[in-house]
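Enquirer:
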Amino acid sequence: MKMLLYPETQPSLAWSGTRYCKSGAGGLGCEILKNLALSGFKDIHVIDMDTIDVSNLNRQFLFRASDVGSYKAEVAARFVEKRVKGVKITPYCGKIQDKDEEYYMQFGMVVCGLDSVEARRWINATLVGMVDGDNPDSLKPLVDGGTEGFKGQARVIFPTITSCIECQLDMHAPRAAVPLCTLATIPRQPQHCIEWAHIIAWEEHRKDDTLDTDDPEHITWLYQKALTRAKEFNIEGVTYSMTQGVVKNIIPAIASTNAIVAASCCNEAFKIATNTNPFIGYPGSDNYMMYTGDDSVYTYTFEHQKKDDCPVCGAGNIARPLQINPNTTLQEFIDGLAERPEAQLKNPAIRTGEKSLWMQLASLQQQLRPNLDKKMSELVEEGEELTITDKSFPTQFKYKAVFSN
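Counted the way this note's numbering counts, the sequence shown spans residues 385 to 789.
(1) Less than 8 Å between the CB atoms is what I'm expecting for Val471 and Ala409, so what's the real figure, rounded?
(2) Look at the Cβ atom of Gln707, then the Cβ atom of Val786, and state whether they are nearer than 8 Å.
(3) Count the C-beta pairs between the region 575 to 595 and the region 548 to 555 that are closer than 8 Å, then say yes if the count reaches three, no if not.
(4) Please tell me whether Asp434 and Val452 are closer than 8 Å, where the distance is taken between their beta carbons.
(5) Please state whether DSSP places Asn789 in a helix, a strand or coil.
(6) What number of angstroms, rounded off, separates the C-alpha of Pro778 from the C-alpha of Cys477?
(7) Roughly how many whole angstroms lie between the Cα atoms of Arg403 and Val495?
(8) Evaluate Lys775 with the Cβ neighbour count: other Cβ atoms within 10 Å of its Cβ, from every protein chain shown; 16 or more gives buried, anything less gives exposed.
(9) Under three-state DSSP, which class holds Arg539?
(10) Could you tell me the boundaries of the alpha helix (DSSP H) in which Gln751 lies?
(11) Gln795 by DSSP, collapsed to three states: which one?
(12) What residues match up with Arg724 in a beta bridge as DSSP calls it?
(13) Met514 lies in the alpha helix (DSSP H); which residues open and close that run?
(14) Pull up the CB-CB distance for Val515 and Ser522, whole angstroms please, since I reckon it's below 8 Å.
(15) By alpha-carbon positions, which one of Ala503, Cys650, Thr510 ends up nearest to Asp484?
(16) How big is the Cα-Cα spacing for Asp528 and Gly492?
(17) Could you work out which residue in Arg735, Glu588, Gly629 is closest to Tyr607 when comparing CA atoms only?
(18) Please state the DSSP three-state secondary structure of Met743.
(19) If you check the beta carbons only, do Asp757 and Gln715 fall under 8 Å apart?
(20) Please classify Cys405: does DSSP put it in a helix, a strand, or coil?
(21) In terms of DSSP beta bridges, what is Glu532 paired with?
(22) Given a threshold of 16 other Cβ atoms within 10 Å of its Cβ, counted over all protein chains shown, does Phe781 qualify as buried or as exposed?
(23) Candidates Gln744, Ala639, Gly737, Glu738: which alpha carbon is nearest Lys730's?
(24) Touching or not, the region 672 to 679 and the region 528 to 542, by the rule of three or more beta carbon pairs under 8 Å?
(25) Compare the C-alpha of Thr771 against each of Glu458, Pro705, Glu762, Leu748 and name the closest.
(26) Enumerated in chain order, which unbroken segments of the beta strand (DSSP E) with a length of 3 residues or greater are wholly contained in the region 413 to 488?
(27) What does the Cβ neighbour count give for Thr612, buried or exposed, with the cut at 16 atoms within 10 Å?
(28) Check the DSSP bridge columns for Pro705 and list the partner residues they point to.
(29) Buried or exposed for Arg505, going by 16 or more other Cβ atoms inside 10 Å?
(30) Hey, Asn651 and Gly411: beta-carbon distance below 8 Å or not?
(31) Alpha carbon to alpha carbon, how far is Ile664 from Cys405?
(32) Could you tell me if Thr531 is buried or exposed, where buried requires 16 or more neighbouring beta carbons within 10 angstroms of its beta carbon?
(33) Please classify Thr627: does DSSP put it in a helix, a strand, or coil?
(34) Anyone know if the C-beta pair for Cys694 and Pro543 falls short of 8 Å?
(35) So the beta strand (DSSP E) Tyr675 belongs to, where does it begin and stop?
(36) Is it the case that the Cβ atoms of Ser407 and Ile507 are separated by a distance below 8 Å?
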């Protein structure tokens with residue numbers, strides 16, 4: 385409390401010389417970075433690729449209007465260093481994927497406040513891949529927090545020992561898609577009108593232009609088209625800000641949710657660093673805290689089990705059964721991988737033990753393009769093993785084809 389009231393107060397904890405990695409400097413990231421510094425973590429590296437937008441200022445309290453356009457990592461590091469003397473914060477303005485294992489090996493712990501499931505899966509797979517049984521220092525605890533509106537979670541992962549993010553992937557089910565026929569025929573909600581403008585109208589009228597969701601002119605065009613369509617069907621509620629939210633898949637951020645989840649993450653990080661108290665994530669104990677604050681304040685902590693067939697931390701990357709409709713085309717199968725809770729792969733390359741079905745390399749796509757219209761039953765035998773890779777993840781996923789209608 386004293387440190388909160390008097391920013392010049394020196395951190396007094398002698399244990400804090402270890403380096404720590406903080407990924408993300410957005411709404412949740414600002415809270416976590418502030419908490420870590422005030423808790424005595426003296427050497428922090430913060431990674432974020434984004435620049436500050438005026439819409440961030442209502443909740444990302446480390447930024448000011450004069451900072452708009454600057455990199456979040458740099459501004460956040462400078463602000464916290466100024467307020468909390470004795471803390472060294474090193475910013476990196478880029479993706480976490482830009483750094484290799486050698487970079488992450490220098491840290492005692494990684495604390496994440498990311499807004500992307502893909503980024504979480506990448507850092508998770510990287511930390512698991514770093515573990516060397518003969519080198520105890522290669523095991524880096526991962527403290528991960530996430531928020532979505534009035535909901536959030538905090539979890540602790542000890543790579544290869546406890547349940548990892550890939551084991552828990554079904555907790556991050558992708559947003560349900562709206563049937564295209566609904567968008568094209570009878571929209572029922574303002575969001576349907578915006579999706580229509582985004583998916584159908586843009587392709588019809590501006591297919592030669594690449595949609596830039598950060599371009600105000602493009603968003604305005606979509607908004608006007610969506611508003612016109614909404615009026616045709618007597619639908620109210622289409623606004624410019626809603627258009628931005630739907631097109632960019634923006635989920636409203638609640639400052640209090642960020643504060644609560646950040647407090648939980650930093651509490652666990654402090655306990656791990658100091659070994660002063662039992663922490664969630666200890667093998668055999670609860671490792672996942674869920675929070676919801678919409679109707680009331682509610683938390684629940686439980687142990688998410690480690691999966692033997694997890695493609696990242698499981699034993700030998702066991703092929704997992706994957707239900708496939710044999711009449712589905714390869715193109716439909718590829719599209720569906722992005723929506724499946726257990727896969728969520730957006731740019732997959734697919735091969736069997738004998739042949740490649742689809743690859744992301746442009747030089748190979750021309751040769752493999754005829755496969756896209758073929759049924760899966762023509763390309764794969766039931767029980768055959770599929771190996772799927774995605775450039776977003778440093779691992780491969782193995783599945784066993786199980787035909788089902």
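Just so you know, even glycine gets a beta-carbon here, dropped at the ideal spot from N, CA and C. Quantities reported herein were computed from a predicted structural model and do not represent experimental measurements.
Expert: On the basis of the supplied data:
(1) The pair is not a contact, with the Cβ atoms about 15 Å apart (cut-off 8 Å).
(2) yes
(3) no
(4) no
(5) coil
(6) 21 Å
(7) Pairing Arg403 with Val495, the inter-Cα distance amounts to about 11 Å.
(8) exposed
(9) strand
(10) 746 to 752
(11) The displayed coordinates of the chain run from 385 to 789. Any statement about residue 795 would go beyond what the structure contains.
(12) Arg724 is not bridged to any residue.
(13) 501 to 514
(14) 5 Å
(15) In this structure, Thr510 is the residue among Ala503, Cys650, Thr510 with its C-alpha nearest to the C-alpha of Asp484.
(16) 15 Å
(17) Gly629
(18) coil
(19) yes
(20) Correct three-state label for Cys405: strand.
(21) Lys535
(22) Buried.
(23) In terms of CA proximity to Lys730, Gln744 leads the group Gln744, Ala639, Gly737, Glu738.
(24) Yes, the region 672 to 679 touches the region 528 to 542.
(25) Pro705
(26) 427 to 432, 472 to 477
(27) Flag for Thr612 reads exposed.
(28) Lys784
(29) So Arg505 ends up on the buried side.
(30) no
(31) Straight-line Cα distance between these residues: approximately 19 Å.
(32) buried
(33) Secondary structure of Thr627 (DSSP, three-state): helix.
(34) At least 8 Å separates the beta-carbon of Cys694 from that of Pro543.
(35) 672 to 676
(36) yes
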